[in-house]
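Protein sequences appear in the order of chains E and W.
When we follow the working numbering, the leftmost residue of the first sequence carries the number 51, and every step to the right adds one.
When we follow the working numbering, the leftmost residue of the second sequence carries the number 25, and every step to the right adds one.
Yeah, the Cβ is synthetic: ideal placement off N, Cα and C, and Gly gets one too.
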Amino acid sequence: MDTIKYIIKRILQTIPLLIIVSMISFFIIRLSPVDPLAELKLNPSVSPETVEKEKARLGLDKPIIIQYGKWALSFARGDLGITSTGEKVSQKLGERIPNTLLLTTIVILLTWLVGVPLGIIAAVRWKTNLDRILTVLTSIGMAIPSFFFAVLLLMFAVKTGWFPIGGLTSPNFADMSFGAKFWDITHHLILPVIVLFTISLAGLQRQMRANMLDVLDSDYVKFARAKGVSEGVVIYKHALRNALNPMITLLGFEFAGLLSGAALTEYVFQYPGLGRLILEAVLKSDINLVMASLMMGAIMLVIGNLIADILLIITDPRIRSKS
Amino acid sequence: MRGRVFRVLLFLVLAALLLRACIVQDIPTKIPQNNNEYQTNTVESYPIPKNVTIDGVDYLQSQAQVGNFGGTLVSSTIGEGPKTFNPFNCKDNTSAILSGVMYDGLFTTNPVTGDVAPKLAKGYTISPDGKVYTIYLRHGIKWSDGKPITADDVVFTWQNIIFGGFGDTSTRDSLVINGKLPIVRKYGDYIVVFSIPEPYAPFLRSLSMSIAPKHVFYPAVQKGKEYFDSFLSTNSKPQDFVVSGAFKLKEYVPAQRVVFERNPNYYEINSKNEKLPYLDKLVYLIVGDLNNEVLKFEAKELDVISLQGSKVARYKSLEQYSDFKLYNLGPDTGTMYISLNLNNRKNDKGKYYVDPIKQKWFSDLNFRRAVDYSIDRKNMVLNIANGIGVPLFTPESLNSIYLNKRLKSYNKDINAAKILLKKSGFKTDKRGQLFDKYGNRVEFNLYTNAGNTEREAIGVMVKQDLEDLGMKVNFKPIEFNSLVNKLVSTFDWDMVIMGLTGSPLEPNGGKNVWMSDGRLHMFNMRTPQEGKAGILPWEKELDLMFEKGALATKFEDRKIYYDKYQEIVYNQKPMIYIYSPIRIVAIRDKFKNIYPSSLGGITHNIEEIYIGHDKVHN
């Protein structure tokens with residue numbers, strides 16, 4: 051019961067937060083000198099009447115406060131509005147979200163499945179050769195900028211011809227059998243997954259290793275060992291459970307990054323995800339689309355944190371008793 | 025021990041990967057000496073398709089070589105892909121190209137001569153007074169769903185959609201003549217008559233606008249303008265499209281590609297009377313930027329690519345080892361220019377848009393000509409366009425059919441420039457700094473849009489060239505939108521480097537730039553309230569040329585007016601033209617019937633292009 055109350059309280063707290071985020075973003079976009087009609091104005095064959103009509107259609111002829119009010123009202127009703135070219139924002143986002151989720155979920159699953167065990171192993175085998183090799187590899191992983199790595203891999207793909215140059219499916223995708231379709235998507239996903247995986251794996255492995263080392267050094271672990279508990283039980287029952295707590299918070303952030311975390315890599319690989327869509331929207335000051343994506347990011351972050359907190363309540367009795 | 029084995033293995037794998045990547049042979053880049061090197065692949069002139077009648081059906085018959093059926097051509101479009109497939113809603117280039125593939129117009133442009141060539145219509149006549157256009161449609165041709173294409177479709181398209189103000193209204197706006205629109209009527213099923221209130225030469229070319237199938241568009245028009253704006257948008261199902269063009273939408277995958285398949289009812293046949301197009305599929309990949317496009321071409325995912333100047337030399341040297349050919353399409357339709365702000369009026373707060381001291385310089389013809397003489401166009405072509413460009417001196421692009429060929433080009437002449445400045449009382453001091461006759465230091469701002477590396481490079485060179493004259497130039501690349509704002513709203517700029525894309529076929533499109541009350545009359549922009557205030561004599565003359573040019577209907581008559589307008593700009597130098605880039609396109613050599621042209625590009629005859637089976641590598 052307490053937990054449910056806590057969740058409701060947390061959700062209510064996010065409302066003013068979202069309002070502030072939306073106001074700041076809206077005003078920054080609108081007050082920037084980017085004129086969404088600049089291209090139209092510079093086209094010799096477009097008449098002044100058309101420019102005026104377009105201005106009225108996008109609501110640019112009204113004061114900025116009213117523009118914001120209109121946007122906020124329809125957003126609250128669940129209507130994301132239309133893009134500057136007249137397409138529905140919700141549908142534009144809907145086209146891209148599954149693709150981005152496909153990529154980021156695979157990456158997150160892979161990094162957690164590989165990163166956490168590697169972190170534990172490195173901590174347990176502290177200062178052995180294996181630990182050192184892992185340290186070197188993860189340092190490299192953290193040091194390479196993601197877009198640079200992505201470009202290198204693209205060059206590699208061009209030179210060898212082993213991988214497609216970006217995208218998600220081949221031109222003849224529609225005519226393929228199910229098995230061929232599955233392979234086609236996998237083939238396209240390999241390179242972007244490698245980039246994102248290398249980079250997030252490094253951070254995660256280091257984090258897990260540090261947590262584990264901390265815990266392994268604590269008194270209760272020493273005590274357990276002194277009691278003569280077997281090493282396996284010490285590590286997996288006593289140490290690991292405690293070392294996982296900070297990782298749960300991290301998982302909350304990973305959730306927030308599900309939709310926005312891969313933007314740069316998506317752009318380099320011409321992946322049909324949200325990254326390219328939003329970049330173009332920002333450049334053209336396509337306000338509804340930009341606002342929708344910013345709000346989506348904010349909401350995802352809030353939800354991610356909420357999930358992490360709830361998970362912590364479940365896993366950690368100390369927090370449970372406090373709340 | 026295990027650690028060592030692991031390390032050795034890791035090293036071997038890495039080394040193998042790197043070696044594989046290096047296997048591709050490096051070919052030394054050869055720098056071309058002149059543009060002529062790219063002329064090697066020009067081909068014999070394009071055989072224009074003819075009208076033929078077989079069993080009562082008026083086909084268009086291709087005169088090009090008979091080819092094989094089947095295959096796919098993969099092209100690309102840069103950016104985020106189409107916004108709509110409705111040819112009447114297109115506001116961006118990509119959408120216009122892609123919907124143009126599916127919906128033919130009554131006429132098209134002869135890719136070689138620039139004349140009007142038949143498409144859905146087989147011919148036309150114009151009445152002697154230039155006010156009545158009679159269009160003859162083809163008998164027996166069909167939409168992709170089998171319904172006949174008749175005068176009803178044409179009248180509906182023009183009367184209800186275009187003149188009705190549906191979708192993008194720019195065609196309608198350009199055809200309002202003395203406040204009146206043309207009248208469209210049909211006579212029988214295959215004759216349509218347009219009556220226009222005044223003779224208006226650009227009218228005929230505007231008939232190349234797509235024609236809509238009435239049985240599909242009529243319900244949408246009934247539902248009103250708002251519904252029409254989202255009609256046949258990018259989320260329509262491919263089977264909803266009923267088309268007249270060579271290809272029909274098969275699949276659209278957002279941010280990835282648009283796939284077209286052949287329209288079995290297309291009205292063009294080859295000389296063996298087989299229905300075109302040859303290709304089964306036409307694919308446009310949606311690529312985000314130029315770099316990705318190049319990578320995709322090199323990885324053979326793309327069949328055709330338009331090359332930037334900096335890439336041409338490398339591709340030229342690769343050509344003989346590879347499976348593609350380069351074609352020179354000649355100068356681009358885009359023009360790059362430096363403009364000076366001749367505005368001498370005040371804004372509504374009583375402040376001059378341009379500092380009065382600077383106004384005196386810019387309004388001085390000698391000053392403008394001196395600037396023109398000091399610009400080293402050849403050097404810019406060589407250094408910025410990598411030699412793939414031609415110096416430009418006229419407002420019409422070099423491939424324009426109205427280009428005034430009598431206007432001569434010249435080289436940088438710093439002495440002539442100095443003499444002109446001296447004539448107007450400008451003086452240089454001991455340090456070579458330039459002062460006007462009132463003792464003011466000649467110093468002004470030069471703007472361009474930041475991020476456009478070509479214009480930024482031009483700016484740097486212009487600055488250096490002008491500094492040779494002793495002028496102080498503050499070169500300021502600023503954000504595109506802010507620059508547009510300066511040019512069309514606040515008018516607070518001195519000199520700017522910009523580019524415009526004009527039509528090589530219809531100079532009337534430039535009237536917004538050249539007429540004194542035009543919306544893009546940047547060099548002496550007037551607000552709508554100002555009307556034609558403070559009009560200069562030569563501006564008046566320009567207005568006259570554009571008015572007369574639009575009213576005359578014969579090409580020869582129009583040419584006289586448009587020649588004169590180019591001459592005025594050439595003499596008065598409100599805009600100083602710099603160069604035109606040359607378009608170089610690479611296409612896989614398995615494609616045959618390639619007749620590149622400056623006006624039509626490389627795939628203007630997409631229905632005639634086929635894949636040859638002989639794989640010749642030389």
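Got a sec? Which residues, its chain only, sit under 7 Å from V81 (chain W) by beta carbon, not counting five neighbours each side?
Closer than 7 Å at the Cβ level, and outside the excluded window around V81 (chain W), lie H163, G164 and I165.
Can you name, in chain order, every residue of its own chain whose Cβ lies under 7 Å from the Cβ of V266 (chain W), other than the five neighbours on each side?
Beyond the five residues adjoining it in sequence on each side, V266 (chain W) comes within less than 7 Å, by CB distance, of W167, S168, D169, P237 and V240 in the same chain, given in chain order.
State the DSSP-derived secondary structure class of S99 (chain W), mapped to helix, strand or coil.
Here DSSP, grouped into helix, strand and coil, assigns S99 (chain W) to strand.
Going by the CB atoms, is the gap between L84 (chain W) and K143 (chain W) shorter than 9 Å?
Yes, these two residues count as a Cβ contact at 9 Å.
Would you kindly check if the distance between the Cβ of G475 (chain W) and the Cβ of P501 (chain W) is under 9 Å?
Yes, the Cβ-Cβ distance between P501 (chain W) and G475 (chain W) is below 9 Å.
At 9 Å on the CB atoms, spell out the chain E contacts of A279 (chain W), in chain order.
Annotation: Cβ neighbours of A279 (chain W) in chain E (cutoff 9 Å, chain order): E145, R146, N149, G217, L218, Q320, Y321, P322, G323, R326 and L327.
Close Cβ partners of F417 (chain W) (< 7 Å) along its chain, the five nearest in sequence each way excluded
Contacts found: L431, S433, Y594 and Y601.
Is the beta carbon of V609 (chain W) less than 9 Å from the beta carbon of I635 (chain W)?
One thing to note: V609 (chain W) has its Cβ no nearer than 9 Å to the Cβ of I635 (chain W).
Check the C-beta distance from N338 (chain E) over to L130 (chain E) and give it rounded, since I have them as a contact under 8 Å.
That pair is a contact at about 6 Å.
Anything in chain W within Cβ reach of K112 (chain E), meaning under 7 Å, just list it in chain order.
Simply none; closest approach about 18 Å.
List the whole-angstrom C-beta distance separating F109 (chain W) from T258 (chain W), where the pair is believed to meet the contact cut-off of C-beta under 8 Å.
Right, their Cβ atoms sit about 6 Å apart.
Going residue by residue through the segment 344-432 of chain W, where are the continuous alpha helix (DSSP H) segments of at least 4 residues, counting only ones entirely within it?
With a minimum length of 4 residues, the unbroken runs of alpha helix (DSSP H) contained wholly in the segment 344-432 of chain W fall at 380-386, 389-398 and 401-407.
Three-way DSSP call (helix, strand, coil) for S310 (chain E) in this model
Residue state, collapsed to three classes: helix.
When the distance is taken between beta carbons, is T315 (chain E) closer than 9 Å to A200 (chain E)?
Using a Cβ distance threshold of 9 Å, A200 (chain E) and T315 (chain E) count as a contacting pair.
According to DSSP, is Q85 (chain W) helix, strand or coil?
In the structure shown, Q85 (chain W) falls within a strand segment according to DSSP collapsed to helix, strand and coil.
CB-CB under 8 Å to P56 (chain W), same chain, minus the five flanking residues each way: which ones, in chain order?
Summary for P56 (chain W): the model assigns pLDDT 45, below 50, so the residue's position carries little reliability; its value from the coordinates is reported in the next sentence. Exclusion of the five residues before and after P56 (chain W) leaves Y62, V336, A337, K340 and G411 as the residues of its chain whose Cβ lies within less than 8 Å of its Cβ.
Report, in whole angstroms, the separation of the C-beta atoms of Q331 (chain E) and F504 (chain W), which I expect to be a contact under 8 Å.
Sequence check: residue 331 (chain E) is Ala here, not Gln. Rounded to whole angstroms, the Cβ separation of A331 (chain E) and F504 (chain W) is 16 Å, and the two are not in contact under 8 Å.
For G95 (chain W), decide whether its Cβ has a neighbour in chain E, counting only Cβ atoms nearer than 9 Å.
Chain E contact via Cβ: absent.
In the DSSP assignment, what are the bridge partners of P605 (chain W)?
For P605 (chain W), the beta-bridge partners assigned by DSSP are W:G413.
What span of residues does the beta strand (DSSP E) with N505 (chain W) cover, start to end?
Run containing N505 (chain W): none in the beta strand (DSSP E); it sits in the alpha helix (DSSP H), F504 to N509.
Under a CB-based cut-off of 9 Å, is V307 (chain W) close to chain E?
Between V307 (chain W) and chain E, the shortest Cβ-Cβ separation is below 9 Å.
Looking at C-alpha atoms only, which residue of W:A323, W:R392 and W:R286 is the closest neighbour of L306 (chain W)?
Among W:A323, W:R392 and W:R286, the Cα nearest to that of L306 (chain W) belongs to W:R286.
Are there 16 or more other CB atoms within 10 angstroms of the CB of T161 (chain E), so buried, or fewer, so exposed?
When all chains shown are included, T161 (chain E) counts as buried.
Span of the alpha helix (DSSP H) around I328 (chain E)
Following the DSSP letters along the chain, one finds I328 (chain E) inside the alpha helix (DSSP H) bounded by residues L324 to L333.
Within 7 Å of chain E by C-beta, residues of the segment 310-334 of chain W in sequence order
If the cut-off is 7 Å between Cβ atoms, the segment 310-334 of chain W has V311, G312, N316, L319, K320, E322, A323 and E325 near chain E.
Paired residues, beta bridge with A141 (chain W) - DSSP:
According to DSSP, A141 (chain W) bridges with W:T132.
Looking only at C-alpha atoms, which of W:A120, W:S621, W:P620 and W:N536 sits nearest to P98 (chain E)?
In terms of CA proximity to P98 (chain E), W:N536 leads the group W:A120, W:S621, W:P620 and W:N536.
Are any of the Cβ atoms in chain E nearer than 9 Å to that of D253 (chain W)?
Judged by the 9 Å Cβ criterion, D253 (chain W) is in contact with chain E.
Do we get a CB-CB distance below 9 Å when we pair G347 (chain E) with the residues of chain W?
Residue contact with chain W for G347 (chain E): absent (no Cβ-Cβ distance below 9 Å to any residue of chain W).
Option nearest E293 (chain E) by Cα separation, candidates E:V271, E:G302, E:F206 and E:L351:
According to the sequence displayed, residue 293 (chain E) carries Ala and not Glu. Of the candidates E:V271, E:G302, E:F206 and E:L351, the one whose C-alpha sits nearest the C-alpha of A293 (chain E) is E:V271.
In three-state terms, what does DSSP make of F218 (chain W)?
In this structure, F218 (chain W) counts as strand in the three-state DSSP scheme.
Am I right that D388 (chain W) and S448 (chain W) are in contact with their C-beta atoms under 8 Å? What's the rounded C-beta distance?
Here D388 (chain W) really is in contact with S448 (chain W); their C-beta atoms are around 5 Å apart, less than 8 Å.
Taking all protein chains shown into account, decide if L123 (chain E) is buried (16 or more other Cβ within 10 angstroms of its Cβ) or exposed.
If you draw a 10 Å sphere on the C-beta of L123 (chain E), you find fewer than 16 other C-beta atoms in it, and that means exposed.
Y603 (chain W), buried or exposed, once every other Cβ within 10 Å from all chains shown has been counted against 16:
When all chains shown are included, Y603 (chain W) counts as buried.
Candidates E:S220, E:F76, E:V318 and E:L351, of which the one nearest I114 (chain E) by Cα:
The candidate whose alpha carbon is nearest that of I114 (chain E) is E:F76.
From the DSSP output, read off the bridge partner residues of R612 (chain W).
BP columns for R612 (chain W) point to W:F348.
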